[in-house]
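K.L.:
Shown below is the structure under consideration.
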Amino acid sequence: MAITKILESYLAFKRVSKQSDKPFSIHAGKLAKVIEGAINSLDDSKKSILVNQYQTSQKHRKTRAQYCKDKDITIEDYITLRQEALIEFERYYYNLLHQL
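For the sequence shown, our numbering gives the first residue as 237, with consecutive numbering after it.
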């Protein structure tokens, strides 16, 4: 799924955007802001899954089991919420991207 690749690139976009004022860095910053905007458009239960998985550094990221235990949900609920979050994120992301 291409949308997960976009989400996986978020931290790299943030890092590159801080390196210089060259066009590539500026564009990376814009893409990072679009990703942030799309994630922030989600409801809290879906937003927190994507924030944990894609916006949190790997060192601080919770495993799926830890996340489910903290939120008191089942793995099946997590999978369902994550799929719904990805579908909604994709819609918001492309809407925001076309507004650039």
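Yeah, the Cβ is synthetic: ideal placement off N, Cα and C, and Gly gets one too.
Under three-state DSSP, which class holds T299?
P.N.:
Three-state result, T299: coil.
K.L.:
If you draw a straight line from the alpha carbon of R300 to that of I311, how long is it in whole angstroms?
P.N.:
C-alpha separation (whole angstroms): 8 Å.
K.L.:
Looking at C-alpha atoms only, which residue of S293, D308 and L278 is the closest neighbour of A321?
P.N.:
Minimum Cα distance to A321 is reached at L278.
K.L.:
Is K283 closer than 8 Å to I275 when the C-beta atoms are compared?
P.N.:
Yes, they are a contact pair.
K.L.:
Just verifying my parser: in three-state terms, what is the DSSP assignment at L278?
P.N.:
Three-state DSSP puts L278 in coil, outside helix and strand.
K.L.:
Under a three-way DSSP split, which group does D313 fall into?
P.N.:
Three-state DSSP puts D313 in a helix.
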